[in-house]
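Protein chains in written order, with our numbering: chain C, 30 to 368; chain W, 30 to 368. In what follows, a single structure is set out as structure tokens and then discussed.
There are 2 protein chains.
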Amino acid sequence: MKLATLKTGTRDGELVVVSRDLTKAVKAEGIAPTLQAALDDWETMAPALQVLSDRVNDGTAEEIFDFDPARAEAPLPRAYQWADGSAYVNHVELVRRARGAVLPESFWTDPLMYQGGSDSFLGPYEDIQAGDEAWGIDFEGEVAIITDDVPMGVAAEDAGKHIKLLMLVNDVSLRGLIPAELGKGFGFFHAKPSSAFSPVAVTPDELGGAWDGGKVSLPLLSHLNGDLFGKPNAGEDMTFTFPKLIAHAAKTRPLGAGCIVGSGTVSNKQDTDHGSAIADGGVGYSCIAEVRMIETINSGEAKTPFMRFGDRIKIEMKDDAGASIFGAIDQQVVKYDGP
Amino acid sequence: MKLATLKTGTRDGELVVVSRDLTKAVKAEGIAPTLQAALDDWETMAPALQVLSDRVNDGTAEEIFDFDPARAEAPLPRAYQWADGSAYVNHVELVRRARGAVLPESFWTDPLMYQGGSDSFLGPYEDIQAGDEAWGIDFEGEVAIITDDVPMGVAAEDAGKHIKLLMLVNDVSLRGLIPAELGKGFGFFHAKPSSAFSPVAVTPDELGGAWDGGKVSLPLLSHLNGDLFGKPNAGEDMTFTFPKLIAHAAKTRPLGAGCIVGSGTVSNKQDTDHGSAIADGGVGYSCIAEVRMIETINSGEAKTPFMRFGDRIKIEMKDDAGASIFGAIDQQVVKYDGP
Numbered sequence: 030m031k032l033a034t035l036k037t038g039t040r041d042g043e044l045v046v047v048s049r050d051l052t053k054a055v056k057a058e059g060i061a062p063t064l065q066a067a068l069d070d071w072e073t074m075a076p077a078l079q080v081l082s083d084r085v086n087d088g089t090a091e092e093i094f095d096f097d098p099a100r101a102e103a104p105l106p107r108a109y110q111w112a113d114g115s116a117y118v119n120h121v122e123l124v125r126r127a128r129g130a131v132l133p134e135s136f137w138t139d140p141l142m143y144q145g146g147s148d149s150f151l152g153p154y155e156d157i158q159a160g161d162e163a164w165g166i167d168f169e170g171e172v173a174i175i176t177d178d179v180p181m182g183v184a185a186e187d188a189g190k191h192i193k194l195l196m197l198v199n200d201v202s203l204r205g206l207i208p209a210e211l212g213k214g215f216g217f218f219h220a221k222p223s224s225a226f227s228p229v230a231v232t233p234d235e236l237g238g239a240w241d242g243g244k245v246s247l248p249l250l251s252h253l254n255g256d257l258f259g260k261p262n263a264g265e266d267m268t269f270t271f272p273k274l275i276a277h278a279a280k281t282r283p284l285g286a287g288c289i290v291g292s293g294t295v296s297n298k299q300d301t302d303h304g305s306a307i308a309d310g311g312v313g314y315s316c317i318a319e320v321r322m323i324e325t326i327n328s329g330e331a332k333t334p335f336m337r338f339g340d341r342i343k344i345e346m347k348d349d350a351g352a353s354i355f356g357a358i359d360q361q362v363v364k365y366d367g368p
Numbered sequence: 030m031k032l033a034t035l036k037t038g039t040r041d042g043e044l045v046v047v048s049r050d051l052t053k054a055v056k057a058e059g060i061a062p063t064l065q066a067a068l069d070d071w072e073t074m075a076p077a078l079q080v081l082s083d084r085v086n087d088g089t090a091e092e093i094f095d096f097d098p099a100r101a102e103a104p105l106p107r108a109y110q111w112a113d114g115s116a117y118v119n120h121v122e123l124v125r126r127a128r129g130a131v132l133p134e135s136f137w138t139d140p141l142m143y144q145g146g147s148d149s150f151l152g153p154y155e156d157i158q159a160g161d162e163a164w165g166i167d168f169e170g171e172v173a174i175i176t177d178d179v180p181m182g183v184a185a186e187d188a189g190k191h192i193k194l195l196m197l198v199n200d201v202s203l204r205g206l207i208p209a210e211l212g213k214g215f216g217f218f219h220a221k222p223s224s225a226f227s228p229v230a231v232t233p234d235e236l237g238g239a240w241d242g243g244k245v246s247l248p249l250l251s252h253l254n255g256d257l258f259g260k261p262n263a264g265e266d267m268t269f270t271f272p273k274l275i276a277h278a279a280k281t282r283p284l285g286a287g288c289i290v291g292s293g294t295v296s297n298k299q300d301t302d303h304g305s306a307i308a309d310g311g312v313g314y315s316c317i318a319e320v321r322m323i324e325t326i327n328s329g330e331a332k333t334p335f336m337r338f339g340d341r342i343k344i345e346m347k348d349d350a351g352a353s354i355f356g357a358i359d360q361q362v363v364k365y366d367g368p
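Here it is in structure tokens:
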């Protein structure tokens, strides 16, 4: 099934069940008012939501209405946990190289993960607000999962069963603020503002054969100002599967229902050292920082600028038949002039 | 007023209003079911809760019952944002020195802050579960505030009005895991497991003259296994006030209602280089790591071990008349054997 949260002027919006083709929806109010409420009691809620989903898909549900992704919040407009991994080590290698930092060998065996802020997520069509283009505004296209309650110390082999939903993320990054912030030693804070999520979150079965229990084997499509920027396959070069990332996140604490775990920026090596850009015939990248590093490696300087006010980024994933699975994240960067 | 959340078997517990002397309470169910619900609409809720508070304090409220802090959850059992600053730079200087790292000069002007996880907070009397004593289990006594909605880019001068509640925190830290984790460059994850909070959160007016709008000028009392370990004054050596910490947290994103901002470990210099331990006649410290560093400086080796299974830590703050303001955090370390 596919679930979305519609804007209602409330903090957590209203849970709706969306048809597989993303055209129709029905309110889930009789079952759960919000997605967090559904996740808090998923064992009970999921079967009831599935019945409603079947009836949306066959057209027999009452009070079906047209689904408008522009009215969608993030599936969880705010969450209690947002743990973002870096499972595609090619991304880590390239971005670190851009900062002049080498990749420790342990990064291939020990997942890198940062604790994200989760109190102000953006809906799929909401603006990316930034105070200054000099912040180095970049997108990062990722896949993310949502868990139920995960016990502390869960083994990777037991972690997969806690994956209840999947969605896409734009993990907005402010490249200009990263070096100084990471130099302080406590990780990201300013450099990772509000993330945006796809219009719908889907249960793993909606992915069919593209989901193997650990990763999604489909291209992640990023369009920057209408031009294809990347189409790397999220099933390739994912060094740490989602169950491994969950086990990492839960090593010293439990994870609460509604915990979001991100894959990190999807990036493919394509049998080269670091992959290649669309312009060079490759599958491209899911963030600007990587293409800038490839440009620097190839020609001595980065040519592609970071995002400017007015720029748009669209992130989507389609099934083998070309149908959008999660709907698109489609955001514009706008200047923020202060409160 | 003073607010607490009682355990009910639900995820967010039940909001109660507690008497000033922490002996009596009354349910707030007619006003707001949970503290998060109250914070989501604080302008409306606070006056109604204040009326109930007055009636608990003068004994005229109906259905008053004895307040038992052992039944308390953290005031927010789970939250959408937990941003922990390091406002007492003496702590930062000592802990970094213990790791062989120097303190950059900028740390005196640019707040250090880490993004904490907030989906699995501990109640004041709940056990600290750890898999291994070799993790280097330490407590960190701090003051924290809870905000309403804070706009992105708020100035420090305008940030103070967003402080709605204050409480105490034990920001449990796993010292043995910190060097390797910080070495990866993305900040804390494993090294900062679930934090614990005081039984009640209080509005700033409950602090009287000890609150100046930016900091709490009272000693923070830590007892380790019954012995006084620290009594540094939270109003001294706080380089960054709470409004400054809020402004820092909100630089590139808004903060949602119910956002918790921590002061960092309270630490006093006492007109010396780095302060001194209770055993040496000083005000002591609010974590073990600092006393270990002082021992190393003074005698060449750290003598005080980190916490072992069975050890207890009690953190409290009393007013000038000796009355506990927030109630005590009183936790035991226990071995966790896995799910």
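C-beta: ideal position from N, C-alpha, C; glycine also.
| Check | Outcome |
| --- | --- |
| Could you tell me which of C:303, C:353, C:168, C:289 sits nearest to residue 48 of chain C, measuring between CA atoms? | C:353 |
| Please return the same chain residues whose Cβ sits closer than 6 Å to the Cβ of residue 167 of chain C, not counting the five positions on each side in sequence. | 202, 204, 316, 317, 318, 335 |
| For residue 286 of chain C versus residue 71 of chain C, is the C-beta distance shorter than 8 Å? | yes |
| List, in chain order, every chain C residue whose beta-carbon is nearer than 7 Å to that of residue 219 of chain W. | 280, 281 |
| To which residues does DSSP link residue 248 of chain W through a beta bridge? | W:262 |
| Going along chain W in order, which residues have a C-beta closer than 9 Å to the C-beta of residue 108 of chain C? | 109, 148 |
| Please classify residue 356 of chain W: is it buried, with 16 or more other beta-carbons within 10 angstroms of its beta-carbon, or exposed? | buried |
| In terms of DSSP beta bridges, what is residue 143 of chain C paired with? | C:113 |
| Can you say whether residue 379 of chain W is buried or exposed, counting buried as having 16 or more other CB atoms within 10 angstroms of its CB? | Since the first and last residues shown for chain W are 30 and 368, residue 379 of chain W lies out of range. |
| Using 10 angstroms around the beta-carbon of residue 254 of chain C, count the other beta-carbons present and answer buried if the total reaches 16, otherwise exposed. | exposed |
| Return helix, strand or coil for residue 82 of chain C, following the three-state DSSP convention. | helix |
| What residue does the alpha helix (DSSP H) around residue 346 of chain W start on, and which one ends it? | Taken as a continuous stretch (DSSP letters only), residue 346 of chain W belongs to no alpha helix (DSSP H), being part of the beta strand (DSSP E) at 341 to 346. |
| Kindly say whether residue 69 of chain C, judged by its beta-carbon, lies nearer than 8 Å to any beta-carbon of chain W. | yes |
| Got a sec? Which residues, its chain only, sit under 6 Å from residue 103 of chain W by beta carbon, not counting five neighbours each side? | 150, 152, 226 |
| Name, going along the chain, the residues of the segment 146 to 176 of chain W whose beta-carbon falls closer than 8 Å to a beta-carbon of chain C. | 146, 147, 148, 149, 158, 159, 160, 164 |
| Are the C-beta atoms of residue 117 of chain W and some chain C residue less than 8 Å apart? | no |
| Would you mind sorting residue 135 of chain C into buried or exposed? The rule is 16 or more other CB atoms within 10 Å of its CB. | exposed |
| Take the Cβ of residue 113 of chain C as the centre, count every other Cβ of all protein chains shown within 10 Å, and call the residue buried at 16 or more, exposed below. | buried |
| Would you please state the rounded distance, in angstroms, between the beta carbons of residue 296 of chain C and residue 266 of chain C? I believe it to be under 8 Å. | 7 Å |
| First and last residue of the alpha helix (DSSP H) that includes residue 324 of chain W? | 317 to 328 |
| Under the assumption that residue 174 of chain W contacts residue 197 of chain W (Cβ atoms under 8 Å), give the Cβ distance between them as a whole number of angstroms. | Actually they do not touch by this definition, with Cβ atoms about 11 Å apart. |
| If the criterion is Cβ atoms closer than 8 Å, does the pair residue 19 of chain W and residue 365 of chain C meet it? | Residue 19 of chain W falls outside the range modelled here, since chain W spans only 30 to 368, and no answer is possible. |
| What residues match up with residue 196 of chain W in a beta bridge as DSSP calls it? | W:173 |
| On a Cα-Cα basis, can you pick out the residue from W:291, W:308, W:45, W:37 that is closest to residue 169 of chain W? | W:291 |
| Which partner residues of residue 336 of chain W appear in the DSSP bridge assignment? | W:166 |
| Check whether the Cβ atoms of residue 37 of chain W and residue 64 of chain W sit closer than 8 Å, and answer yes or no. | no |
| Quick one: is residue 80 of chain W buried, meaning 16 or more other Cβ sit within 10 Å of its Cβ, or exposed? | exposed |
| Let me know if residue 155 of chain C comes out buried or exposed under the rule of 16 or more other beta-carbons within 10 Å of its beta-carbon. | buried |
| Residue 330 of chain W to residue 158 of chain C, Cα distance in whole Å? | 50 Å |
| With distances taken Cα to Cα, identify the nearest neighbour of residue 185 of chain W among W:128, W:243, W:142. | W:243 |
| Would you call the CB atoms of residue 343 of chain W and residue 359 of chain W closer than 8 Å? | yes |
| Could you tell me whether the Cβ atoms of residue 172 of chain W and residue 259 of chain W are closer together than 8 Å? | no |
| Give a yes or no on whether 8 Å exceeds the smallest Cβ distance from residue 223 of chain C to chain W. | yes |
| For residue 273 of chain C, count neighbouring C-beta atoms within 10 Å of its own C-beta (all shown protein chains included) and say buried if the count is 16 or more, exposed if not. | buried |
| Looking at chain C, which residues of the segment 33 to 62 of chain W have a Cβ within less than 7 Å of any of its Cβ atoms? | 40 |
| Find the nearest neighbour of residue 145 of chain W within the set W:293, W:84, W:261, W:323, judged by alpha-carbon distance. | W:293 |
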